[in-house]
Structure formats: structure tokens, C-alpha cells
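Asks: Here our numbering is used: the first residue of the sequence shown is 1, the next is one more, and so on.
Backbone N, C-alpha and C define an ideal beta-carbon position, used for all residues, glycine too.
The structure displayed is predicted, hence computed values, not measured ones.
Attaching a single structure in C-alpha cells format; questions to follow.
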Amino acid sequence: MRGYAAKHLLTHRALGLFTRAPPQQRCCFVRQLLRRPSYKAFASGVSQSEPGVSKQSVYRRQQQERAGAAWLEEPFTCPACRHGSWRADKLQRHLQKCCPDLLPTGLDISSLPQLEIRQILESLRPQELELQAASLQLGWRDFDQDGNRIQRDVPEVAAILGLPRDRTKMLMHRAMKSIPLVADEEPIDILYEDEWLLAANKPPGIITAPKHRFQGGSLVNRIIGYLGRPPYPIHRLDMYTSGVVIVAKHASVVQRLHELFREREVKKVYCALSVGKLPPGNICVDGAIGQSPREKLARTVTDDGQPAVTSFLGMSSAQYDLSQAAKPSLLNPGLQDIDLTQVSVVRCAPKTGKTHQIRVHLAHIGHPIIGDEIYGIQGPWIGRQALHAACLQFVHPATGRALNIEAKLPKDMLDAINALGLQEPAALI
Ligand SMILES: [Zn+2]
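Below you can see the structure in the form of C-alpha cells.
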């Protein structure tokens, strides 16, 4: 019984994902369906299916008719949230929860013929769009007589529209999401691209993703300009860190990519220029990172922070007197406890991905990053923290192939390496 239930569940999942799964998985779902006993019996009785229609979809239609429901070419969609439902009674229940104000009082669509239901749903859509536009206007785009913007929160907008707060919150959320993100025309340096993923080399000085829908100027806005549609952001780099950033192009791989990052299955290698000379061999720093009590934007190693682990390897070092031109940073104003007579190229492999992790851990062991305005030292060598995400390695979520995406060191870091008398690392991997 348990085996049958599991198989049944798998097949249902297979049917649901038929069209959404990437091709690699799709054939495995079809294989599961083909193994189902009732499908085997059906397929052996049918010599040839209708032209252009697969045996599997004929089977699915039969199953649905047998369950007593009329065959639908496509599901009914909620005029408010676009939720799809194959059954009119389920949709009726959904509408009563989702957008009861759109439904004429006393109307029960579940007893009506299919065509009529579709006409009613279609006629409700303009009302929903009008409400969305009104909520957007009231929430963010209203101005007083002097031209100052009036920003209203959800309860205020709800009171004006005469709708419940939950409904108004969703209206404002959907209205905001309907505003297209800004597409920037600046070119991007593409390191890898296929139908599921795109990896770009982020230049220093731009943020990874926009902070607001109306705003442009981030790497994601440039990717939108390139792709013509928004990607699915997966992770981010600090504004002044350069290097590999990946985004998903297909929704089916987003969850798996997040899992890979969360479960530490993505191998990340960064290159940093730091103060002092690291002891030989791998150095593993295991220190929880939390909010700094001294500065709002800064992080620090603290017992009540979130676990963070990074391993460091000194690649090369050189004698260089930093003290002549060194300017202090926010958290080390006195430039204390650091050796200003040597510099190093450091290979950093973070096992976790906490905010400012590499910068905080290197500062914690007395080798802060050169150019880092919060934790390190500043000077004429480089105009930002000398930190570059050089490589990402992971298993492709759709094809299962091992991927190795590398970004060469940017010019400002190469210049700093030369200026400090260091050697460019031959290979970081
Ligand atoms: Zn809905």
C-alpha cells in the first residue's frame, strides 16, 4: 500500500510539473507516468492517439472526465491574483477569500456554465486593475498642493478605498510588482550563459540588485537590459567587491540554486590584498558574525552572531611600508595591532555567506583588506576594498554538470598588486 501511495503521489507530481520542469527532468517524469499500471492498461488499448495530441494528454483528459469534471483547455484564473483553478467550486471559495469585493453579492459562479464563468472573470479584471492603480496612486504617487509627495501606509489607503487591510496590502503589492524594473543599457561582462543560468563579472562600485523598483544602476538592471526581462537574483556581492555573480534565467532552477548556497555546496574563491604576512598553510577562521556595537553598518566577530567559517591561504607577500600613506578606517582609527611593513595576496574560501564575512574575518586575524574603508586601511593603492570573487564552483541544477565559473582580476587590483610589489597569483583554484 505504501509503495502504491508513493507511486501515485509521484505521478501526480509528474503531471503537475509536466510543462514546467526543465527537459532533463521532464523525461524522468514521463518515465514515472509510463510505469503507472492504469496508464499501461490505457496505452495498450489505444493503437493510435489523435494527431498532434500525445497519449499522455488523452489519458489525463480521460482521468479528469472520469472524475466528473468537464474538460478544460485551461484553468479558470482569479481576476485579482491570477491564481489558476481547474474547478469552479474551488475558484468560488478562492474568490470569497481573495477578492470578495469584486464578486457581485450573492453570485455563485460554481453552478454556471464554463463560458459564462470565463466571461464573468474577464469582466472583473478591469475593476481589479483600476483598484491596483488607485492603491498605487494613494500609496506612493499622491502630491499635496505644494508638490510634496504624500506617502500613505496600508491602513490609510484601506480607509480611503473602503476595503479590508489584507486586501489593500495585496492590491498595493501587486500594483508595485506590475511596475517594470528599470533596464540599463550598459554592457555586461558575461562569464557563462545557458538557458537556465547567467554568470556575469560585476564591476566594483555598482550594487548587485536595485534597492527599489523605480531605481536603476545595479548589475541586475544591466542584466535586464541584456535579457529583456528580469532574472532571478540568487546571491549578492558588496558594492565595492568585484567578481562572479550568478542569476537564474529559469524559475525551475531557483529553489535548487538557493539550496546549493544554503547547504554550502557552492565552492567560492575570492582574492584579497591584505595587510601583513599570513602564516604559511591554510588558516581556518570559525567565528560567528553579528552587528557591531560601534557602527550601524559594520559587522564584527561576536558570540551571539550567526555562524561563519572562512579559510585563508597566503599566496605571496612582499615587504612594503604602508605606514607612509595609510589612512585609518572606520573601525580601526588608530591602525593598531596590524603589521604595516608587509602586504599579501590572500586566497579566501568562505564556507558560509554572511554579510562582510571575508572582510570581518581577515580584520579579526590581524590582516585587514587594503582599501577597506570600514575594517582595513585606506591609501593611494586602490580606491575600494581589494576583494574580488574570482571563482564559483557548483553542480549545474538542471544538467548535473560540474561548473567552474571564473572571473579574471580587474585592472584596479592588478595595478595595486604592481604598486605594492606583489606577484599576481598564477592560479587561485
Ligand atoms: Zn486570487
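Kindly examine ligand 1 and report whether one of its heavy atoms sits closer than 7 Å to the Cβ of H94.
Replies: At least one heavy atom of ligand 1 is nearer than 7 Å to the Cβ of H94, so yes.
Asks: For S218, which three-state DSSP category applies?
Replies: Coil.
Asks: Tell me, please, which residues DSSP counts as bridged to E193.
Replies: DSSP lists L198 as partners of E193.
Asks: Using a Cβ-Cβ distance cut-off of 8 Å, determine whether Y59 contacts chain B.
Replies: In the displayed structure, chain B is absent; only one protein chain is listed.
Asks: Any chance the CB of A175 is under 7 Å from a heavy atom of ligand 1?
Replies: A175 Cβ: outside cutoff for every heavy atom of ligand 1.
Asks: As a quick check of your reading: which residues have a C-beta less than 5 Å from at least one non-hydrogen atom of ligand 1, in chain order?
Replies: Having a Cβ closer than 5 Å to some heavy atom of ligand 1 are C78, A80, C81, H83 and C98.
Asks: On the DSSP bridge assignment, give the partners of H388 in chain order.
Replies: Beta-bridge pairing links H388 to S242 and C271.
Asks: For the beta strand (DSSP E) containing I289, name the first residue and the last one.
Replies: I289 -> beta strand (DSSP E) spans I289 to Q291.
Asks: Run through DSSP, which three-state label would S178 get?
Replies: If DSSP states are grouped into helix, strand and coil, S178 belongs with coil.
Asks: Would DSSP call P328 helix, strand or coil?
Replies: It is coil, neither helix nor strand.
Asks: For V440, count the other beta carbons within 10 Å of its own beta carbon; 16 or more makes it buried, fewer makes it exposed. Which is it?
Replies: Any question about residue 440 goes unanswered here, given that the chain covers just 1 to 429.
Asks: Leaving out five residues on either side along the sequence, give the residues of the same chain with a beta carbon under 6 Å from the beta carbon of Q480.
Replies: Because the chain in this structure spans residues 1 to 429, residue 480 falls outside the shown range and cannot be described.
Asks: Residues bridged to S38 by DSSP?
Replies: Its beta-bridge partners do not exist; DSSP assigns none.
Asks: How many angstroms separate the CA atom of Q378 from the CA atom of G371?
Replies: The straight-line gap from Cα to Cα measures roughly 4 Å.
Asks: Measure the Cβ-Cβ separation of N221 and P210 and say whether it is below 8 Å.
Replies: Yes.
Asks: Taking C-beta to C-beta, are G314 and K268 nearer than 8 Å?
Replies: Not a contact, by the Cβ cut-off of 8 Å.
Asks: Quick one: grab the DSSP three-state call for Y226.
Replies: In this structure, Y226 counts as helix in the three-state DSSP scheme.
Asks: Let me know if P410 comes out buried or exposed under the rule of 16 or more other beta-carbons within 10 Å of its beta-carbon.
Replies: Looking at its Cβ environment, which holds 16 or more other Cβ atoms inside 10 Å, P410 is buried.
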